[in-house]
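Residue numbers (this note's numbering): 272 to 576.
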């Protein structure tokens, strides 16, 4: 059996699961006084399948009348300026759709949006409305600030999401400084961190923020002092939730499964399948069976909590 598939369906998935999985599994928990499910709680979305949802946004200024300076020395009418901006956006959108953004396994690219404003720099409600449909799915906004600096900050601030910029040009630097000074998140890809790796790291952060850890403990500090000890800080900094339960609860659930004939039959069937599909086995059959039952135990506890 492929190692990744094994980890996704068996013991490797028993310790931590995505938050969505925990929510879905919790709906299957029986009312107090009823026996928990014999079958292990399912994990519908494995962390390796989580993607970063990136919303590309190009911001352009369309002046209300012919305009010159400081960055232009040839004036153009509003109609010409609008046509040029729309052509620029069309080329950029097509490039994103054909070449992608980051690794396909890391990124889900949402539909690009073109935001425009006049020389007053105000993004109108009608322009913000273009971003509303995907706002709940968007993890980060990938900005192409063709119009000015402030618009990128305002879009991130409006929807409470980080913004991502590519390149260390003067405008991107200006946006990053302003955004950080305002206390919001901004990430700039450059020579020391290319865009693909940056998006991969943000995806990893998303996975961690959706992770819940089940920690059976009797309250004694761990033997090794290098382990995480401040779980509140872990949740605040990375969004990782640690649920502590007493060893007794885990032992009681394991004893219940050991005494349940139906659970034993299900575990034996899965253990036989694991051994049949293995290239080699270094574990005694009875220990494989016991490990599968422990997998059931942990999954049931995850569903319960």
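Here a beta-carbon is modelled for each residue, glycine too, at the ideal position from N, C-alpha and C. Everything numeric in this text was worked out from a predicted model, so none of it was measured.
| Item | Value |
| --- | --- |
| Counted within 10 angstroms of its Cβ, other Cβ atoms place residue 354 as buried (16 or more) or exposed | exposed |
| Rounded distance between the beta-carbons of residue 446 and residue 423, thought under 8 Å | 5 Å |
| Alpha carbon of residue 455 to alpha carbon of residue 441, nearest angstrom | 19 Å |
| First and last residue of the uninterrupted beta strand (DSSP E) at residue 457 | 457-460 |
| Segment contact flag, the stretch 456-472 with the stretch 487-503, C-beta cutoff 8 Å, min 3 pairs | no |
| Uninterrupted alpha helix (DSSP H) stretches inside the stretch 433-512 (no shorter than 4 residues) | 441-452, 466-480, 502-509 |
| Endpoints, alpha helix (DSSP H) assigned at residue 563 | 556-575 |
| DSSP three-state assignment for residue 401, whether helix, strand or coil | coil |
| Check whether residue 374 and residue 471 have beta carbons under 9 Å apart | yes |
| Inter-stretch contact at 8 Å, needing at least 3 Cβ pairs: the stretch 512-531 / the stretch 552-571 | yes |
| 8 Å contact criterion, which residue 418 and residue 475 should meet: CB distance rounded | The pair is not a contact, with the Cβ atoms about 32 Å apart (cut-off 8 Å). |
| Contacting residues, own chain, Cβ-Cβ under 8 Å from residue 420 (five flanking each side not counted) | 442, 445, 446, 449 |
| The stretch 539-551 in contact with the stretch 514-522 per 3-pair CB rule at 8 Å | no |
| For residue 468 and residue 556, the rounded distance between their alpha carbons | 43 Å |
| Straight-line Cα distance separating residue 337 from residue 390 | 11 Å |
| Contacts around residue 435, its chain only, beta-carbon distance under 6 Å, and the 5 residues preceding and following it disregarded | 411, 413, 458 |
| Endpoints, alpha helix (DSSP H) assigned at residue 351 | 349-370 |
| Residues bridged to residue 330 (per DSSP) | 386, 416 |
| Among 406, 538, 320, nearest to residue 559 - alpha-carbon criterion | 538 |
| Residue burial classification, residue 563 (beta-carbon count within 10 angstroms, cutoff 16) | buried |
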